[in-house]
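Single-structure report; data block below.
In this note's numbering, the protein residues as written are 3 to 126.
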């Protein structure tokens, strides 16, 4: 992945890598999907280090359910109530893979909404 220039660039990269993860989960190209996941973690680390993690809230209203789900997952430690509602809404929408992923995300909610998640990302 290329060097992140600024927060706006990080958001563009976040969106494109989440799209890659989504496409790869459908096609079965797990190598490419895992690489995109690593990029997303790098982007989230950049946002955390630059006190800009809340900029992911711009994706809360996205029509792309995977993008909305991903933003909610990474913001869960900071905005637990809203993120839970967003993920539950995606699960209840019964929209294929996004709803399936949302269902299993909620099963792991206590782990995802723990602020220690950010410590793991920052330690990379």
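Every residue gets a Cβ at the ideal spot worked out from N, C-alpha and C, and that includes glycine.
Secondary structure of residue 70 (DSSP, three-state): helix. In this structure residue 92 touches residue 67 by the C-beta definition: roughly 5 Å separates them, less than 8 Å. Counting along the chain, residue 50 sits inside the alpha helix (DSSP H) bounded by residues 32-51. In its chain, beyond the 5 residues on either side, 6, 45, 48 and 49 have a beta carbon closer than 7 Å to the beta carbon of residue 12.
In terms of Cα proximity to residue 69, the closest of 83, 19 and 36 is 19.
Between residue 77 and residue 105, the beta carbon gap of about 19 Å keeps them out of contact (Cβ cut-off 8 Å).
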